[in-house]
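Taken in order, the sequence shown gives residues 2 to 93; the numbers are from the numbering used here.
Taking it in order: structure first as structure tokens, then the write-up.
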Amino acid sequence: MTEEDRRNMQVNDKALPIIFCALGPDIYSEVSSIESAKEVWDTLETTNGGTRDAKETKIELLNLSYENFKMDPDESVSKMFDRFLIIVNGLK
Numbered sequence: 002m003t004e005e006d007r008r009n010m011q012v013n014d015k016a017l018p019i020i021f022c023a024l025g026p027d028i029y030s031e032v033s034s035i036e037s038a039k040e041v042w043d044t045l046e047t048t049n050g051g052t053r054d055a056k057e058t059k060i061e062l063l064n065l066s067y068e069n070f071k072m073d074p075d076e077s078v079s080k081m082f083d084r085f086l087i088i089v090n091g092l093k
């Protein structure tokens, strides 16, 4: 084992428990079997919003939905308002 391998193991052994302690039980159960802190981090990033490109795409889609927002035929004001809130909250 090289010195770099040893160093990577030490960093992983410190980072993994810190990441695990920050997670709720539901999320922890999804990633607890992963042994690499980097793999856990990548999994969390993907499942919780994705990469920067995915986030930008999501924001663009929400902006488009916001700009084209109108009440659907046969839709109550309450349902329309609920749809509007989902779009606005997604943009926060």
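Cβ coordinates follow ideal geometry from the N, Cα and C atoms, glycine included.
Across the set Glu4, Thr48, Ile20, Gly50, the C-alpha of Ile20 shows the shortest separation from the C-alpha of Glu36. Under the three-state reduction of DSSP output, Met81 falls in the helix class.
In the structure shown, Gly91 falls within a helical segment according to DSSP collapsed to helix, strand and coil. With respect to Phe70, Phe82 sits apart: the two C-beta atoms are not nearer than 8 Å. When C-alpha distances from Lys93 are compared across Glu61, Asp14, Gly25, the shortest belongs to Glu61. In this structure, DSSP gives Pro18 a helical state, which the three-state scheme calls helix. As for any beta strand (DSSP E) of minimum length 3 sitting wholly inside the region 31-55, there is none.
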